[in-house]
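Beneath this line is the structure, given in structure tokens, with notes to follow.
Residue numbers (our numbering): 766 to 1086.
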């Protein structure tokens, strides 16, 4: 649902406040835009992780098949000095209860790696990394388009925003790579230049999507908009990231509880935990994107009179009626 906005300069607090208002008013469209891409990727990532963890399954072997000698070294390489008392080895493994002694007397655990499962999981994980890079940039571009349209008072569908962004996907990814390289190079120069580069180029993707510029031109345009307002860019970006971190933690804790803090989780536990973490990403991504879009329009209003431009267009539309 599009909500007509007031086109006026905004403070950092106003940008975040309007971001949340827009998010609440268009919650389902925003979630749908991200979920349509992130859920399949989350499933693939969860399956890959489960396969990697299952590649070394714990298998039980009858204790009678495991014999150690009374002198020298036993089969596990422990130095042997006389017969080991019953339960002594179990105590070394933490089996200090009577049930633990009894279990150790009957069974021992042995790991037998599955090369095929490990290879399949590794291949799936590589595919997942590729899909994450493509999917993140595609979702970000679609969200930028959606937030922009909602901000300007126009309604759009999930299909419309993806169709609009798809032809620019290559440019979006290339621009993201160039920005990442520039920021890493800046951090290599004693950190401060990296921070400055990150602030200069924070709106590069927004420019690619909304102004249809190529990667390097979009970086220059982002720098032009951010110059003189680096503190504001930092404030909006930092606070939006803090909010997304809180959301990620809120979803990450139950995911960690499902997988457990000790031992190897089952394939089902791994998959469910990954889907919970994916849900957190789906909820969080529109917040950062929305805040940066409103920052983009705020800087255009301050530097280029974008509010007057929109007023003129509104009057022209009214006269045409």
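For each residue, glycine too, the CB sits at the ideal point set by N, CA and C.
So the candidates are the options; which of them puts its Cα closest to the Cα of residue i?
{"i": "residue 772", "options": "1003, 915 and 1035", "result": "915"}
{"i": "residue 925", "options": "784, 797 and 1067", "result": "797"}
{"i": "residue 1011", "options": "953, 966, 1046 and 805", "result": "1046"}
{"i": "residue 894", "options": "803, 917 and 947", "result": "803"}
{"i": "residue 973", "options": "986, 1014 and 1056", "result": "986"}
{"i": "residue 1068", "options": "993, 1001 and 1030", "result": "993"}
{"i": "residue 947", "options": "984, 784, 808 and 932", "result": "984"}
{"i": "residue 787", "options": "1059, 1040, 957 and 997", "result": "1059"}
{"i": "residue 1050", "options": "1032, 1070 and 1013", "result": "1013"}
{"i": "residue 782", "options": "1056, 1035, 988 and 956", "result": "1056"}
{"i": "residue 988", "options": "784, 778, 887 and 1065", "result": "1065"}
Within a Cβ cutoff of 7 Å, which residues of the same chain sit near residue i, ignoring the five residues on either side of it in sequence?
{"i": "residue 1037", "result": "1023"}
{"i": "residue 1042", "result": "1016, 1017 and 1020"}
{"i": "residue 1054", "result": "905, 908, 909 and 912"}
{"i": "residue 1063", "result": "774, 775 and 780"}
{"i": "residue 863", "result": "With a pLDDT of only 49 at residue 863, under the threshold of 50, the placement of this residue in the model should not be trusted, and no figure is reported."}
{"i": "residue 932", "result": "none"}
{"i": "residue 998", "result": "964, 967, 991 and 1060"}
{"i": "residue 962", "result": "947, 948 and 951"}
{"i": "residue 1006", "result": "1053"}
{"i": "residue 978", "result": "972 and 986"}
{"i": "residue 976", "result": "986"}
For residue i and residue j, which I take to be in contact (beta-carbon distance under 8 Å), what is that distance rounded to the nearest angstrom?
{"i": "residue 930", "j": "residue 794", "result": "Rounded, the Cβ-Cβ distance is 15 Å, inconsistent with contact."}
{"i": "residue 943", "j": "residue 991", "result": "At roughly 16 Å, the Cβ-Cβ gap does not stay under 8 Å, so residue 943 and residue 991 are not in contact."}
{"i": "residue 964", "j": "residue 995", "result": "5 Å"}
{"i": "residue 1000", "j": "residue 967", "result": "About 12 Å; that fails the 8 Å criterion."}
In chain order, what residues of the same chain lie with their CB nearer than 8 Å to the CB of residue i, ignoring the 5 residues before and after it?
{"i": "residue 902", "result": "934, 937, 938, 941 and 970"}
{"i": "residue 890", "result": "810, 813, 814 and 817"}
{"i": "residue 953", "result": "959"}
{"i": "residue 806", "result": "893, 896, 897, 900 and 1043"}
{"i": "residue 949", "result": "959"}
{"i": "residue 1035", "result": "811, 814, 815, 818 and 1024"}
Where does residue i fall in DSSP's three states?
{"i": "residue 772", "result": "coil"}
{"i": "residue 744", "result": "With the chain covering only 766 through 1086, there is no way to say anything about residue 744."}
{"i": "residue 922", "result": "coil"}
{"i": "residue 1031", "result": "coil"}
{"i": "residue 1070", "result": "coil"}
{"i": "residue 778", "result": "helix"}
{"i": "residue 853", "result": "Bear in mind that the predicted position of residue 853 carries a pLDDT of just 48, short of 50, making it too unreliable to give a figure here."}
{"i": "residue 917", "result": "coil"}
{"i": "residue 1025", "result": "coil"}
{"i": "residue 860", "result": "Here the model assigns residue 860 a pLDDT of 47, short of 50, so the residue's position is not dependable, and the following value carries that caveat. Coil, per DSSP."}
Excluding the 5 residues flanking residue i on each side, which residues of the same chain have their C-beta closer than 6 Å to its C-beta?
{"i": "residue 1008", "result": "1052"}
{"i": "residue 799", "result": "904, 1047 and 1050"}
{"i": "residue 801", "result": "none"}
{"i": "residue 1084", "result": "Any reading at residue 1084 needs caution, since the residue's pLDDT is 37, under 50, leaving its predicted position unreliable; the model's value is listed next. If we look at residue 1084 and ignore the five residues flanking it on each side, it has no Cβ neighbours."}
{"i": "residue 1039", "result": "807, 810 and 811"}
Counting contacts by CB-CB distance shorter than 8 Å, is residue i in contact with chain C?
{"i": "residue 811", "result": "The structure shown contains no chain C, having only a single protein chain."}
Minimum length 4: unbroken alpha helix (DSSP H) runs contained in the stretch 936-993: Here the runs fully enclosed are 957-965, 969-976 and 980-991.
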